[in-house]
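Data block below; observations after.
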Amino acid sequence: MGTDKRQRQKENRARKMEQQAKQAAKDRRVSNLRSLGTLIAIALAIGAAIIFFSNRPSELTAETLTTTTTTTASSSTTTLATEESTEGLSAEYLAFREQPVACAAQAPPPLTPMSFDAPEDMGIGSAANVTATVSTSCGNIVLELDPSAAPETVNSFVFLAEQGYFDGVVSHRIA
47 MGTDKRQRQK
57 ENRARKMEQQ
67 AKQAAKDRRV
77 SNLRSLGTLI
87 AIALAIGAAI
97 IFFSNRPSEL
107 TAETLTTTTT
117 TTASSSTTTL
127 ATEESTEGLS
137 AEYLAFREQP
147 VACAAQAPPP
157 LTPMSFDAPE
167 DMGIGSAANV
177 TATVSTSCGN
187 IVLELDPSAA
197 PETVNSFVFL
207 AEQGYFDGVV
217 SHRIA
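In case it helps, my numbering puts the sequence shown at residues 47 to 221.
As structure tokens, then:
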């Protein structure tokens, strides 16, 4: 009689272990399917975002910027011309330049890639009144730069503008 009870307990334990193994396998399948579904949803969202943001040419009309810097501290105005070379320019920049220029203006010559080791000290004092005029295809924008708040930034901006670094830079309205 005792052996029948022991045999039943053994069978019940084996059945319980088998059910637990089946449930664990089912849980793994459900977890894997959820992970796969999440990855597919993320991939679709990224793909939709790429398509949405890359197919908006009417909203991304180009404004072409050239910079003329006027510094009251040294009272000089510098506008540097660039040559019509496209060597060393990225494909993205060249493709962006192909878009129509805002306000029916002519596109300036392409920018000239430049690099500098360090900016020169332009000798701009913290009390100086520094303005920069940005010439766009739709007109001029006058910027007042505050050397007391950001002396290195103002010095760098004036240095780069006088070197012609910003000449031929293209930008769209959200830049």
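All C-beta atoms in this analysis are idealised placements derived from N, C-alpha and C, irrespective of residue type, glycine included.
With 16 other Cβ atoms within 10 Å as the buried cut-off, status of residue i
i	result
Gly171	exposed
Leu157	buried
Gly93	exposed
Gly210	buried
Val176	buried
Ala174	buried
Ala60	exposed
Gly83	exposed
Asp163	exposed
Val76	exposed
Gln53	exposed
Glu64	exposed
Paired residues, beta bridge with residue i - DSSP
i	result
Leu191	Val176
CB-CB length for residue i against residue j, believed under 8 Å
i	j	result
Gln202	Pro165	According to the sequence provided, residue 202 is Ser. The question's Gln does not apply to it. That belief holds up - the Cβ atoms of Ser202 and Pro165 are roughly 5 Å apart, short of 8 Å.
Leu191	Val180	About 12 Å separates the two Cβ atoms, so there is no contact after all.
Cys184	Ala207	20 Å between Cβ atoms; not a contact.
Thr214	Pro154	A small fix is needed here, since residue 214 is Gly in this sequence, not Thr. Indeed, because the Cβ distance is near 5 Å, the residues count as touching under 8 Å.
Leu189	Ala178	4 Å
Phe205	Met168	6 Å
Phe99	Val216	Not quite, the Cβ-Cβ distance comes to about 18 Å (not below 8 Å), so this is no contact.
Element boundaries [alpha helix (DSSP H), containing residue i]
i	result
Tyr211	First-last for Tyr211: undefined, no H or E at that position.
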